[in-house]
Amino acid sequence: MKRIRSIVRGIGSYLPERVVTNYDLEKVMDTSHDWIVQRTGIEERHIAADDEPTSALGIKAAQAALADAGLTPADIDLIICATSTPDYTFPSTATQIQFGLGMSHGAAFDLQAVCTGFVYAVATADKFLASGSHKRALVIGAETFSRILDWNDRTTCVLFGDGAGAIVLEAAEGEGTSADRGVLTSHLRSDGRYRDKLYVDGGPGSTKTTGVLKMEGRDVFRFAVGMVTDVVADAFKATGTTPEELKWFVPHQANKRIITASAEKLGIAPEKVVITVNKHGNTSAASIPLALDVACKDGRIKKGDLVMIEAIGGGFTWGSALIRW
-6 MKRIRSIVRG IGSYLPERVV TNYDLEKVMD TSHDWIVQRT GIEERHIAAD
44 DEPTSALGIK AAQAALADAG LTPADIDLII CATSTPDYTF PSTATQIQFG
94 LGMSHGAAFD LQAVCTGFVY AVATADKFLA SGSHKRALVI GAETFSRILD
144 WNDRTTCVLF GDGAGAIVLE AAEGEGTSAD RGVLTSHLRS DGRYRDKLYV
194 DGGPGSTKTT GVLKMEGRDV FRFAVGMVTD VVADAFKATG TTPEELKWFV
244 PHQANKRIIT ASAEKLGIAP EKVVITVNKH GNTSAASIPL ALDVACKDGR
294 IKKGDLVMIE AIGGGFTWGS ALIRW
């Protein structure tokens, strides 16, 4: 039975100019390049300039995605920005991106699911397009996590970076099979019992402050590897596909050890896993679109490839989406 699919028309990303290496961090805190690489796989990360709010990164990523799609802002009628580091409490960062693109039409809003934000945003945009209410969506993950870090806490500040990535999704008719291009299925989960494992210790509704990131690293690692299984298995079951048919696995880029352990548990071959955490660090909701853009630009991801995106983030939230590119 024919159905509306959300196909990927274009992709783009943006990384701030400033690069901070592990060797740079060695000079200002009690850590080392070898220690960071051994435990996380991270070698460097990008840090936004003082005059670069999250929306500025998102605008540049969105412009790159539009250019890749051969479209203009006039062709877009929906913007969803996944972020945990908005420019303001309100208005939404998405509206600031909308303004920066020269748009005054359509709808724009933020979505907050921490590191799972981009997966949630893809799933949400897909629902809008499949319903027929909208035609084309900009789905953006943009973060400036450097602004919510305690730079005296060497266990957390070495992990994160700033950046933004975006895709253009367009509604198109498919045959209703797993051979269709576009978002084939998405599966989202959350469990608020684990708030204290990964959170920011402030907010306007509680402390009236921004707060800084706090994390129980060992617990996050254990849950990250254990929790992803259900949403990935559900995606294969819903589409009648298998890990062997998967061309590329593009998980949230938090920690190389988490990525490799998760892929092994899921039965996904190492050569199918896209890893960019070494150059980007953990960019939260931006990590998956940044990794997708790298793999598209270097020729790995091609039209027709079956691609799985997957993430787990604070809350906990976790989810997957299976996309025929």
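Each residue of the sequence shown is one higher than the last, beginning at -6 in the working numbering.
Quick reminder that beta carbons are idealized off the backbone N, C-alpha and C, glycines included.
Computed from a prediction, not measured in an experiment: that's the story for all the values here.
Under 8 Å between C-beta atoms, does residue i make it to chain B?
i, result
"D291", "Of the protein chains in this structure there is only one, and it is not chain B."
Alpha carbon to alpha carbon, how far is residue j from residue i? Give it in angstroms, no decimals.
i, j, result
"G93", "Q56", "10 Å"
"I252", "S(-1)", "27 Å"
"D298", "N248", "25 Å"
"T86", "F102", "7 Å"
"V213", "P66", "39 Å"
"L259", "T137", "31 Å"
"A54", "R(-4)", "29 Å"
"K120", "I294", "24 Å"
"T88", "V132", "13 Å"
"T78", "G233", "37 Å"
"L206", "T109", "16 Å"
"I316", "D23", "42 Å"
"V21", "S171", "51 Å"
"W28", "E168", "50 Å"
"A135", "A75", "6 Å"
"T203", "Q105", "15 Å"
"S199", "D189", "15 Å"
"A217", "I305", "6 Å"
"T222", "L283", "23 Å"
What does the Cβ neighbour count give for residue i, buried or exposed, with the cut at 16 atoms within 10 Å?
i, result
"M301", "buried"
"N145", "exposed"
"P197", "exposed"
"H245", "buried"
"E264", "exposed"
"F153", "buried"
"H98", "exposed"
"M(-6)", "exposed"
"Y16", "exposed"
"G175", "buried"
State the DSSP-derived secondary structure class of residue i, mapped to helix, strand or coil.
i, result
"P197", "coil"
"N15", "helix"
"P244", "strand"
"I(-3)", "strand"
"W28", "helix"
"S126", "coil"
"I4", "strand"
"A314", "strand"
"L299", "strand"
"I268", "coil"
"L285", "helix"
"I40", "strand"
"I305", "strand"
"L239", "coil"
State whether the stretch 220 to 238 contacts the stretch 31 to 47, with contact taken as three or more CB pairs (one from each stretch) at a distance under 8 Å.
Between the stretch 220 to 238 and the stretch 31 to 47 there are fewer than three C-beta pairs closer than 8 Å, too few to call the two in contact.
Residue ranges of each alpha helix (DSSP H) run of no fewer than 4 residues wholly in the stretch 68 to 123, ordered along the chain?
Runs of the alpha helix (DSSP H) lying entirely within the stretch 68 to 123, each at least 4 residues long, are 86 to 93 in chain order.
Is it true that the stretch 155 to 166 meets the stretch 270 to 285, where meeting means three or more beta-carbon pairs spaced less than 8 Å apart?
In short, these stretches touch, since the Cβ pair count reaches three.
Is the stretch 0 to 12 close to the stretch 161 to 172, with three or more CB pairs under 8 Å?
Per the Cβ contact rule, the stretch 0 to 12 is in contact with the stretch 161 to 172 (3 or more Cβ pairs under 8 Å).
Taking only runs that begin and end inside the stretch 133 to 221, name each unbroken beta strand (DSSP E) of 3 or more residues, in chain order.
Fully enclosed beta strand (DSSP E) runs of no fewer than 3 residues occupy 155 to 167, 175 to 183, 191 to 193, 206 to 208 of the stretch 133 to 221, in order along the chain.
Touching by the beta-carbon criterion (3+ pairs, under 8 Å), the stretch 21 to 34 and the stretch 262 to 278
Using a Cβ-Cβ distance cut-off of 8 Å, the stretch 21 to 34 and the stretch 262 to 278 are in contact, since at least three pairs of beta carbons, one from each stretch, lie closer than that value.
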